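Numbering (this note's numbering), first residue to last: 778 to 1063.
By construction, the Cβ of each residue, glycine as well, lies at the ideal position given by its N, Cα and C atoms.
Fair warning: this is a prediction, and the values are worked out from it, not measured in the lab.
In what follows, a structure is listed as structure tokens, so that the remarks can point back to it.
Written out as structure tokens, the structure is:
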């Protein structure tokens, strides 16, 4: 059976697949991190599909992109509504020449209150899980057929360290990000050989309306620069991080250069991925 290192080496030496069009669909593109990523992609010459719930916010971003001579397509949709998602993706695919080359699953929410699970409203917890998991599932399911037909595409899931670490509060958010991390590994396992590359990217703590409303960040002075997040997204979009498909990176700590430098070590140790730790080679669950 091939090892992670062998698979990574094979990926590096394999003949290049079909070109990925310089087109991107960004969810939650009207505000916060999604807005910053959409603008960064447009500045780098990518045509961008802007998808989210609030049309006015999306139109504002599209107007800025067009003022800078970029190309933007807008589609407002509730991302937990399968029919609305399908319609939005079709609209974006029609408006972006060559289809969608990069999908950025950025849209997400967090609980209204910072509470441990027993004190939380379980309906609010479920709202967060549904939004943060069902949304990426629906959008990716709608985008994948076009990528698979072309034989190339990249999917970036905006994740969080909370998906890998237990937290005293925000149970729904933590569950949802853990599920998203597993989704990343599933997509990579199922579609790597079909030309699809997938990455989990944690943006760190960026100053947004969502983080400003979280008591856990009260008084925080150190924030992740959105430019650092955009740099990793652009590196992945360009194919510079394809060796790390299925794995986890974190803006503000990782850079494209540092990840490329350590790519072989990451593959050799099967690092930066969600898995169950064992006590050793004699553990019966191995």
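Report the CB separation of residue i from residue j in whole angstroms; it is logged as a contact under 8 Å.
i	j	result
residue 838	residue 807	6 Å
residue 802	residue 877	5 Å
residue 1032	residue 1008	7 Å
residue 902	residue 888	6 Å
residue 1040	residue 1011	The Cβ separation is near 17 Å, so there is no contact.
Closer than 7 Å by C-beta to residue i: which residues in its own chain qualify, once you throw out the five before and the five after it? Chain order, please.
i	result
residue 1074	This structure does not reach residue 1074, given that the chain is present from 778 up to 1063, and the question cannot be answered.
residue 1064	Here the chain covers residues 778 to 1063 and nothing more, so residue 1064 does not appear.
Cα separation between residue i and residue j?
i	j	result
residue 865	residue 852	5 Å
residue 894	residue 843	45 Å
residue 950	residue 874	35 Å
residue 811	residue 961	19 Å
residue 880	residue 870	11 Å
residue 1060	residue 1054	10 Å
residue 850	residue 925	22 Å
residue 1044	residue 975	15 Å
residue 863	residue 915	8 Å
residue 796	residue 929	7 Å
residue 1050	residue 1013	17 Å
residue 978	residue 1058	30 Å
residue 787	residue 826	For residue 787, the predicted structure reports a pLDDT of 49, less than 50, and the residue's modelled location is therefore unreliable. A value from the coordinates is still provided. Cα-Cα distance, rounded: 33 Å.
residue 980	residue 937	7 Å
residue 1034	residue 1018	10 Å
residue 970	residue 918	17 Å
Could you tell me if residue i is buried or exposed, where buried requires 16 or more neighbouring beta carbons within 10 angstroms of its beta carbon?
i	result
residue 1062	exposed
residue 798	buried
residue 820	exposed
residue 890	exposed
So, for residue i: in the same chain, excluding its five sequence neighbours on each side, which residues have a beta-carbon less than 6 Å away from its beta-carbon?
i	result
residue 848	824
residue 1037	none
residue 1052	none
residue 1024	1049, 1050
Considering only residues of the stretch 857 to 908, which uninterrupted beta strand (DSSP E) runs meet the minimum length of 3 residues and lie entirely inside it, listed in chain order? Correct list: 879 to 882.
What ranges does the alpha helix (DSSP H) occupy inside the stretch 999 to 1038, keeping only unbroken runs of at least 4 residues that lie completely in it? Correct list: 1003 to 1014, 1033 to 1038.
Which residue spans inside the stretch 900 to 972 form an unbroken alpha helix (DSSP H) run of at least 4? List check, alpha helix (DSSP H) in window: 912 to 927, 948 to 968.
If we require 4 or more residues per run, which alpha helix (DSSP H) segments fall completely within the stretch 793 to 823? Whole alpha helix (DSSP H) segments, 4+ residues: 809 to 820.
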